[in-house]
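What follows is one structure encoded as C-alpha cells, with my remarks underneath.
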Amino acid sequence: MTAVMRPGVSACPACDAGPAAAALAAEIQAQKDVQLALSLPTIHCALCISTVERVLNAYEGVQSARVNLTLKRVTIEAEPNVTAADLIPVLAEVGYEAHELDLGSLSATDADRAGRNLLMRLAVAGFASMNVMLLSVSVWAGAEDATRDLFHWISAAIALPTIAFSGQPFFSNAWRALKHRQLNMDVPIVLAILLAVVTSLWEVSLSGEHAYFDAALTLVFFLLAGRYLDHRTRAVARSAAEELAALEVPRAVRLLEEGEETVAVRELCVGDLLRVLPGGRMPVDGEIIQGQSELDRSLLTGETVPVFAETGQMVSAGEVNLTGPLIIRASAVGQDTSLHQMADLVAIAESGRSRYTSLADQAAKLYAPGVHILSALAFVGWYFATYDMRTAINIAAAVLIITCPCALGLAVPAVTTAASGRLFRMGMLVKHATALERLAQVDTVVFDKTGTLTKGTPQVSNFDSISSETARVAMALAMGSGHPLAKAVLQAANDHQTTPAKVSDINEVPGFGIQGLWQDQQVRLGRASWLGAQELTQSAVFVQIGDQPAQAFLCVDQLRDGADQAVRALQDAGKDVILLSGDSAGAVQQVADRLGIARWQAEVLPADKAQAIQKLADQGHKVLMVGDGLNDTAALTSAHVSISPASALDAARVASDIVLLGGDLEPIAQAVGVAGKATSRIRQNFRIATLYNIVAVPLAIAGLATPLIAALAMSSSSITVSLNALRLGRSK
Amino acid sequence: MTILSYLIPISLILGGLGLLGFLYTLRSQQYDDPEGDAQRILSGEWDDHPKPADPSKPSES
Chain A
19 MTAVMRPGVS
29 ACPACDAGPA
39 AAALAAEIQA
49 QKDVQLALSL
59 PTIHCALCIS
69 TVERVLNAYE
79 GVQSARVNLT
89 LKRVTIEAEP
99 NVTAADLIPV
109 LAEVGYEAHE
119 LDLGSLSATD
129 ADRAGRNLLM
139 RLAVAGFASM
149 NVMLLSVSVW
159 AGAEDATRDL
169 FHWISAAIAL
179 PTIAFSGQPF
189 FSNAWRALKH
199 RQLNMDVPIV
209 LAILLAVVTS
219 LWEVSLSGEH
229 AYFDAALTLV
239 FFLLAGRYLD
249 HRTRAVARSA
259 AEELAALEVP
269 RAVRLLEEGE
279 ETVAVRELCV
289 GDLLRVLPGG
299 RMPVDGEIIQ
309 GQSELDRSLL
319 TGETVPVFAE
329 TGQMVSAGEV
339 NLTGPLIIRA
349 SAVGQDTSLH
359 QMADLVAIAE
369 SGRSRYTSLA
379 DQAAKLYAPG
389 VHILSALAFV
399 GWYFATYDMR
409 TAINIAAAVL
419 IITCPCALGL
429 AVPAVTTAAS
439 GRLFRMGMLV
449 KHATALERLA
459 QVDTVVFDKT
469 GTLTKGTPQV
479 SNFDSISSET
489 ARVAMALAMG
499 SGHPLAKAVL
509 QAANDHQTTP
519 AKVSDINEVP
529 GFGIQGLWQD
539 QQVRLGRASW
549 LGAQELTQSA
559 VFVQIGDQPA
569 QAFLCVDQLR
579 DGADQAVRAL
589 QDAGKDVILL
599 SGDSAGAVQQ
609 VADRLGIARW
619 QAEVLPADKA
629 QAIQKLADQG
639 HKVLMVGDGL
649 NDTAALTSAH
659 VSISPASALD
669 AARVASDIVL
679 LGGDLEPIAQ
689 AVGVAGKATS
699 RIRQNFRIAT
709 LYNIVAVPLA
719 IAGLATPLIA
729 ALAMSSSSIT
739 VSLNALRLGR
749 SK
Chain B
-2 MTILSYLIPI
8 SLILGGLGLL
18 GFLYTLRSQQ
28 YDDPEGDAQR
38 ILSGEWDDHP
48 KPADPSKPSE
58 S
C-alpha cells in the first residue's frame, strides 16, 4: 500500500526542474519562510504520519512538515505564498481532516520550557540522590572512621551543587512567600534542606557519625517529582485550551478603494469598511452601513430567535450574520470590542477567585508553624538537658528532616494528576489547579439553555399539523436558504419524506425570508412581520401561499446529547438543578419540562445571571455554573466553579475552570463524582503523611532518628501517598 | 580498599554520562512527541537509505 502511495519523481517539482530550480529555491528561501500549523484530529498511526508528511513535503513551496502525533498537529515551514487554505484540500484528498491553527495564540515553543526545566532538575536530583544513597548504604552497613569520612565528603561534594541547582524552584518560591510575609509549603522545605545540609557539613567536618545528605537529596527529588506532575497536568490542559482558542483563525474581508482583501482581524483599524457574508461572525463592533439581514445573537444574549438588522444599527463582535451580506464600519476593534472587554472583566474577576485556598495551602498553614515550633522545642529541650549545642542542633535538624513534607508535597499533585487524567479521557479538561476541590463541594448546578443544554440548532415540532401542500412549498423555499430555521424546515421535510413542490424564481430577501412563484401564486417563507402574521413567543418560521393566511412552523431547540442523563444524575446525587436563560419564557419552559428541571427563569439579563448566582452563594450554596455564551461569562466567574463546552465563545472558555471537549454533557455528573473521590483521596493522603509523622517524630525527638530511619520514613510515606493516588486513575 | 578509589569515580563518571545523555535528549526536544516517535519506527520510509541531510525535501536522486 505504501509502495502505491509513494510519489514518483514528478511529485517533487523541485527535483524535476533540477539545479536551476535549486538556485531559485535558495533565493526564495532567503525570503522569510512562514510557519503554519494545522490541527489533524484524525491521525493516529505511523502510516498517517508518513502520508501527511509526504503529501505536504511534495507540495510546492513547503520547506518542511513535521507531524507531532502527541498533539495531533503538523508544523509546516513554507514560502510566504503558501497558505493553510491551499494545504487543507491537499490533506483532505488523502483522507485527513485538517483545521488551521492560529500560531499567534499558540505559544507552542514556549509552553513547555518550564516543564523541561523541571525535568532537568529532577534528573540531576535523581542522579545525585542515587549515588549519595549508594555511599550512605555503605556507611549504614558499617563503614567506619576514615572510610566513613571519605564517603561523607564525597556525598557532600555531590549534594551541594545538586541542591544548589535542583532546589532553585523551592528557594525562589520560599523567598517570594517570605517577602510577602507569608508562609507556604516551600518555607519549611527550604529550611529543612538548608538545615540538613549545614548540620551535615558541620558533623562531617568534625568526623561525626550522621550525615543527612541523602535525606536532603531524596527530599528534593520527591518534591520535584510532585512539582513536575502538577506541571504536566496543567500543561496538558493549557495546550488543549490554547489549541481550542487557536482553531478560530479570525479573518475579515476589508473593503478598499481598489477592491477587497482578506486580513487578520488583529490588523483592522477603527473606520475600516468590512464585508460580512451570511454565515460569518462579526469580527468587530460597528455600524451597519449597507444591507439588511438577520443576526444570531444567541452566544451573546441567549435568545435563539434571530434579530432583524438593517442600516444604521450597531452590531457587536461575536454576532453571526445569517441571511444577507452586510457592510459594516468598524467602531471598536481588537481589545476594545465589547467581546474583549467582557473577557477583560472576566480576567479581573478571575483574580478574585484566588480567595479560595486549596487544601494544600490549608495544610501548609497548619504544618509549617507546627513543624518549626516542634523542632525549636526539641532544640531547646535537648540543649538544657545536655548543654551540648551539637547534639541539640543535630536533633532539631533530624526533626525537621523527618517531618519533611515530601509526602505532603506529593499528596495533592499525585491525586489531581490521576483525577485530571481520568476526566481528560472522559472528555473534560481541568484548567484550574483547585477546580477539582471546588467541584467536589458543589450542591447547586445552574445551567444555561442555548448552546449548553441545547445544541442551538432548532427543530420543527409541528410538521404534521401543516398541510402537505404547504409543507412541500415550504420545503422548496427552504432549500434556497442557509438560515437555521429554514434548515430546520428542510430537515423536518426530509424526515417526513416530503418531495419539494416546483417553485420557480426563488430569491432571498435578506432579513425577511425567501419568496418564489408556485402555480402563478407568490409563495413566501419568512418572519411573521413580513407575512403579516401574528408574532409568536417561541421561535417560528411562517409560510404563506398567495393571499391565504400564513401558517407557522414552530421550532424547538434540540437537546444536546447527554443533557437528559446529566441532569438526572445530578438530581439523583442530591444537587439542585436550576435553569437560567436569556431566552423567552416559552422556549425555556419547554426545555425545563423536558429535562424535569423544576426551577427555571427566563429572559435573564447577563448581569442578573451573575447576581442570581451571587445570591445563591450568599445563601451558602456552592454553585456549579455550566454555560457557553458571552451572557454567561460574568456568571461563570462568580460561580464557585464553572464548566463550559468547547463550542463556547473564547471569553466563556477563558472564564471557566473546566472545558467540556465533546458535545456530550453526560460527563458533567461523573466529573462531580470523580472530584469528590479525588478530594477524599487528597485528605486520605494528608492523613497518611500525618500518620508517618506521628510515628517518626517521637523517634526524632528522642534522638533515635538515624539517617537510615529518616530515609526509610520519608521514602515509604511518599511512595504510599503516590500509590494511593494511582488507585484513583484505575478505579471505576 | 584501594579498589574504591577506582570504583567510586568510575561509577560517578558512568552515571554522569547517563545524566548528560538524558540532558542532551531533553534539550534536543526528543520528548516533545513520545507517541509520534513510537509510531515513526514502524514506518519503512527511510529503511533503504538514510534521510537526506536537507530535511526539507525527500529527494529521490
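Chain order of the listed sequences is A and B. Start counting at 1 in the first sequence, then tack on 18, and there's your number in the numbering used here. Residue 7 in the numbering used here is what sits at position 10 of the second sequence, and the numbering runs on without skipping anything. The beta-carbon is built from N, C-alpha and C at its ideal position, and this holds for glycine as well. Bear in mind the structure is a predicted one, so any value in this text is a computation, not a measurement.
Expected contact under 8 Å - CB spacing of V70 (chain A) and V92 (chain A) to nearest Å: 6 Å
Among A:Q688, A:E305, A:L377 and A:A382, the one whose alpha carbon lies nearest that of I345 (chain A): The residue with the shortest Cα to Cα distance from I345 (chain A) is A:E305.
Separation of T470 (chain A) from G645 (chain A), as counted between CA atoms: Cα-Cα distance, rounded: 6 Å.
Which listed residue (A:R199, A:L577 and A:A568) has its alpha carbon closest to that of Q477 (chain A): A:L577
Helix, strand or coil at V27 (chain A) according to DSSP, with G and I counted as helix: Residue placement at V27 (chain A) is poorly supported in this model, since its pLDDT is 40, which falls under 50; the coordinates are not used for a value here.
Reduced DSSP category for A403 (chain A) - H, G, I as helix; E, B as strand; rest coil: Under the three-state reduction of DSSP output, A403 (chain A) falls in the helix class.
Buried or exposed (CB count within 10 angstroms, at least 16 for buried), N649 (chain A): buried
Range covered by the beta strand (DSSP E) that runs through T101 (chain A): Per DSSP, T101 (chain A) belongs to no beta strand (DSSP E) and is neither H nor E.
is_contact[L87 (chain A), chain B] using C-beta, thresh 7 Å: yes
Straight-line gap, S438 (chain A) to I61 (chain A) (C-alpha atoms, nearest Å): 24 Å
Extent of the continuous alpha helix (DSSP H) run through F169 (chain A): D163 to S184
Outcome for S57 (chain A) when other beta-carbon atoms lying within 10 angstroms are tallied against a minimum of 16: buried
CB contact below 7 Å: N99 (chain A) versus chain B: Not an interface residue.
Beta-carbon proximity of D523 (chain A) to L508 (chain A), cut-off 7 Å: no
Bridge-paired residues (DSSP) for F465 (chain A): A:L597 and A:V644
The alpha helix (DSSP H) enclosing T655 (chain A), as first and last residue numbers: T651 to S656
Inter-residue spacing [alpha-carbon to alpha-carbon] between S225 (chain A) and M444 (chain A): If you take the alpha carbons of S225 (chain A) and M444 (chain A), they lie about 58 Å apart.
Nearest-angstrom Cβ-Cβ length linking P301 (chain A) and P343 (chain A), presumed shorter than 8 Å: Contact annotation, P301 (chain A) with P343 (chain A): C-beta distance approximately 14 Å; criterion of less than 8 Å not satisfied.
7 Å Cβ shell around R24 (chain A) - same chain, five flanking residues per side excluded: Note that R24 (chain A) scores a pLDDT of 39, beneath 50, so its modelled location is shaky; the value from the coordinates is reported in the next line. Closer than 7 Å at Cβ, skipping near neighbours: no residue.
Beta carbon proximity, A83 (chain A) to chain B, threshold 7 Å: no
For A174 (chain A) and G15 (chain B), the rounded distance between their alpha carbons: 21 Å
Straight-line Cα distance separating A689 (chain A) from A635 (chain A): 21 Å
Chain A contacts from the region 34 to 52 of chain B (Cβ-Cβ distance under 7 Å): From the region 34 to 52 of chain B, only Q36, R37, L39, S40, G41, E42 and P52 have a Cβ closer than 7 Å to chain A.
Delimiting residues of the alpha helix (DSSP H) encompassing I706 (chain A): P685 to I719
L426 (chain A) (DSSP reduced to helix, strand or coil): helix
Integer-rounded CB distance, given that G531 (chain A) should sit under 8 Å from G544 (chain A): 2 Å
Any C-beta of chain A under 7 Å from that of G18 (chain B): no
Proximal residues of chain B, C-beta to C-beta of R134 (chain A) below 7 Å: L23
Residue range of the unbroken beta strand (DSSP E) whose run includes Q573 (chain A): Note on residue identity: the sequence assigns Cys, not Gln, to residue 573 (chain A). Its beta strand (DSSP E) spans residues Q569 to L577.
A568 (chain A) beta carbon near the ligand ZN (any heavy atom closer than 6 Å): Absent from the structure shown: the ligand ZN. Ligands present: none.
Member of A:R199, A:C63 and A:H249 whose CA lies at the smallest distance from the CA of G133 (chain A): A:H249
Residue range of the alpha helix (DSSP H) that includes I67 (chain A): A64 to A76
Top-ranked residue by Cα proximity to L597 (chain A), from A:N202, A:F465 and A:V585: A:F465
Beta carbon of D303 (chain A) nearer than 7 Å to that of A335 (chain A): yes
Bridge partners - V338 (chain A), DSSP secondary structure assignment: In the DSSP secondary-structure assignment, V338 (chain A) is bridged to A:R299 and A:D314.
Segment contact, 8 Å Cβ cut-off, at least three pairs: the region 16 to 29 of chain B with the region 734 to 742 of chain A: no
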